[in-house]
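**Q** Numbering (the working numbering), first residue to last: 39 to 332.
Structure provided below as structure tokens; questions to follow.
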Amino acid sequence: MNSNPLSTRSTRFALAITVFLLTSGFVHLAILGVFGTTWHGPLSFRKPALFGISGGMTMWSLAWLMTQLSRSRFDRLLINAIAISLFIEVSLITFQTWRGVASHFNHSTSVDAAIEFTMLGLILFVTGAIFYLTWRTRWLRTIDPAMAIAIRSGMGLLALSCLLGIATSVLGEVSLAAGRSYEVWGRAGVLKFPHGVALHAIQMLPFVAWLTRICGLKHSSVRIVQSALAAQVLFMLYAVWQTSQGRDRFDWDSTGGTLLATVLLLSVYPTLSLARGFARCRWTSGRNVLKSNW
């Protein structure tokens with residue numbers, strides 16, 4: 039592999055797709071808010087809104103990641119292929135919503151079945167690419183340890199979230215074949231809950247690492263990121279537990295309650311550390327301004 043990372047110029051197409059996906063997501067979110075359409079159900083404009091925003095954020099993170107990795111021969115082709123795949127997937131979901139039919143678990147016509155089959159193929163390709171890029175994070179550019187932990191663990195959680203999403207689809211089909219709702223597992227377990235809770239760890243954890251840098255928390259940055267990571271992992275375990283037990287998100291038993299309480303406790307340290315560091319930076323900056331004016 040080449041030690042030089044992929045240049046920002048080489049990711050322009052991927053970034054253009056990112057802008058399109060985010061714009062589409064926020065436009066549909068505005069439609070949802072202005073016209074007061076329902077938030078729930080397979081025909082809600084919530085789906086193109088959330089898939090657009092989530093897909094755009096993921097695409098932006100992957101494009102940024104490519105600039106942090108040692109370069110490989112087909113990197114530009116790979117990132118563009120991921121961008122095209124996410125673009126087509128979100129476009130198909132949006133197309134189905136505007137048609138007034140469900141985009142997932144819809145085999146009512148040959149067109150609907152073909153669209154769902156196409157989306158499944160795209161998801162499998164993107165998932166494979168994400169696993170490949172996660173493996174590649176072993177060869178990051180020279181960056182600080184906290185950011186390295188954030189990138190590697192964020193990509194690992196993204197890959198795991200993709201697997202949970204595929205498992206959600208399989209279990210949904212099983213429930214549908216048994217005459218049950220494809221959204222619910224057991225009594226009230228929300229099948230998509232585990233898939234979504236850590237899907238954006240690849241944005242959250244590097245953001246925490248970046249905040250430690252600008253807040254002057256270099257000596258505690260690794261501990262802060264590790265604590266945020268532990269909270270994220272346990273929250274995923276909490277989501278898996280709740281769903282597997284057929285419980286709603288916040289209908290917890292003793293195990294679920296313990297997991298959620300631990301998540302909250304683990305979140306205290308990074309939250310307070312960043313707040314204190316930010317306040318200290320603001321105070322130092324303000325004091326320097328006063329001194330210079332005096």
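Glycine is no exception: its CB is placed at the ideal position from the N, C-alpha and C atoms.
Which residue comes first and which comes last in the alpha helix (DSSP H) that contains V271?
**A** For this step, residue 271 is matched to residue 233 along the sequence shown. Looking at the DSSP string, the run of the alpha helix (DSSP H) that includes V271 is 259-282.
**Q** Using the three-state DSSP reduction, which class does L178 fall into: helix, strand or coil?
**A** Translated into the one-based positions of the sequence shown, residue 178 becomes position 140. Note: L178 maps to strand in three-state DSSP.
**Q** Assign K329 to one of three DSSP states: helix, strand, or coil.
**A** Mapped onto the sequence shown, residue 329 falls at position 291. Low local confidence applies: a pLDDT of 43 at K329 is under 50, so the model's placement there is unreliable, with the coordinate-based value given in what follows. If DSSP states are grouped into helix, strand and coil, K329 belongs with the helices.
**Q** Could you give the DSSP three-state label for V139: helix, strand or coil?
**A** Walking along the sequence shown from the start, residue 139 turns up at place 101. In this structure, V139 counts as coil in the three-state DSSP scheme.
**Q** With burial defined as no fewer than 16 other Cβ atoms inside 10 Å of the residue's Cβ, what is the status of L196: buried or exposed?
**A** Taking the first residue of the sequence shown as position 1, residue 196 is located at position 158. By the neighbour-count rule (16 or more Cβ atoms within 10 Å), L196 is buried.
**Q** Could you check if G192 is buried or exposed, using at least 16 other CB atoms within 10 Å of its CB as the buried criterion?
**A** By 1-based counting over the sequence shown, the position of residue 192 is 154. Burial call: buried.
**Q** Short of 8 angstroms in beta carbon distance, which residues of its chain neighbour Q134, apart from the five on each side in sequence? Order them along the chain.
**A** Translated into positions along the sequence shown, residue 134 becomes position 96. Answer for Q134: A140, S141, N144, D150, I153, listed in chain order.
**Q** Could you tell me whether the Cβ atoms of S305 and A269 are closer together than 8 angstroms?
**A** On the sequence shown, residue 305 is found 267 positions in, with the first residue counted as 1. On the sequence shown, residue 269 is found 231 positions in, with the first residue counted as 1. Going by C-beta atoms, S305 is nearer than 8 angstroms to A269.
**Q** From this set, M104, V222, F155, which residue's C-alpha is nearest T175's C-alpha?
**A** The residue given as residue 175 occupies position 137 in the sequence shown. Ranking the options by Cα distance to T175, first place goes to M104.
**Q** Does the CB of W223 have a neighbour CB from chain B at under 8 angstroms?
**A** In the displayed structure, chain B is absent; only one protein chain is listed.
**Q** So, using beta-carbon positions, are L100 and L171 closer together than 8 angstroms?
**A** Taking the first residue of the sequence shown as 1, we reach residue 100 at position 62. Taking the first residue of the sequence shown as 1, we reach residue 171 at position 133. Yes, Cβ-Cβ distance for L100 and L171 is below 8 angstroms.
**Q** By the three-class DSSP mapping on this structure, what secondary structure does W98 have?
**A** For this step, residue 98 is matched to residue 60 along the sequence shown. Here W98 sits in helix by DSSP.
**Q** If we ignore side chains and look at the alpha-carbon of each, how far apart do L243 and I189 end up?
**A** Walking along the sequence shown from the start, residue 243 turns up at place 205. Walking along the sequence shown from the start, residue 189 turns up at place 151. Those two C-alpha atoms are separated by around 7 angstroms.
**Q** For L158, I'd like the list of residues in its chain whose CB is within less than 8 angstroms of its CB, leaving aside the five on either flank, ordered along the chain.
**A** Start at 1 with the first residue of the sequence shown, and residue 158 comes out as number 120. Once the five neighbours on either side are set aside, the close Cβ partners of L158 are S207.
**Q** By the 10 Å Cβ neighbour count, where 16 or more other Cβ atoms means buried, how is H233 classified, buried or exposed?
**A** Numbered from 1 along the sequence shown, position 195 holds the residue referred to as residue 233. The residue in question, H233, is buried, as its Cβ has 16 or more Cβ neighbours within 10 Å.
**Q** Relative to the alpha-carbon of G210, which residue among Y276, C200, V228, I161 has its alpha-carbon at the smallest distance?
**A** Here residue 210 corresponds to residue number 172 of the sequence shown, with the count starting at 1. Nearest option by C-alpha distance: V228.
**Q** Suppose the cutoff is 7 angstroms on Cβ atoms and the five residues either side in sequence are ignored; what does the same chain contact list for D126 look like?
**A** Against the sequence shown, residue 126 aligns to sequence position 88. Asp is not the amino acid found at residue 126; the sequence shown has Ile there. Hits under 7 angstroms: L160.
**Q** Which residues share a DSSP beta bridge with V228?
**A** For the purposes of this step, residue 228 is taken as residue 190 along the sequence shown, with counting starting at 1. Per DSSP, V222.
**Q** Would you check if there are 3 or more beta carbon pairs closer than 8 angstroms linking the stretch 248-264 to the stretch 283-300?
**A** no
**Q** Using C-beta distances below 7 angstroms, list every residue in its chain close to C200, excluding the 5 sequence neighbours before and after it, in chain order.
**A** To locate residue 200, count along the sequence shown from 1; it is residue 162. Counting only residues of its own chain and dropping the five nearest sequence neighbours on each side, C200 has a CB closer than 7 angstroms to the CB of T165, I168.
**Q** Does the beta-carbon distance from V235 to L272 come in below 8 angstroms?
**A** Looking up residue 235 in the sequence shown gives position 197. Looking up residue 272 in the sequence shown gives position 234. In this structure, V235 keeps its C-beta atom at 8 angstroms or more from the C-beta atom of L272.
**Q** In the DSSP assignment, the alpha helix (DSSP H) including P80 goes from what residue to what residue?
**A** The residue labelled residue 80 in the question sits at position 42 within the sequence shown. Note, P80: premise wrong, no alpha helix (DSSP H); not H, not E.
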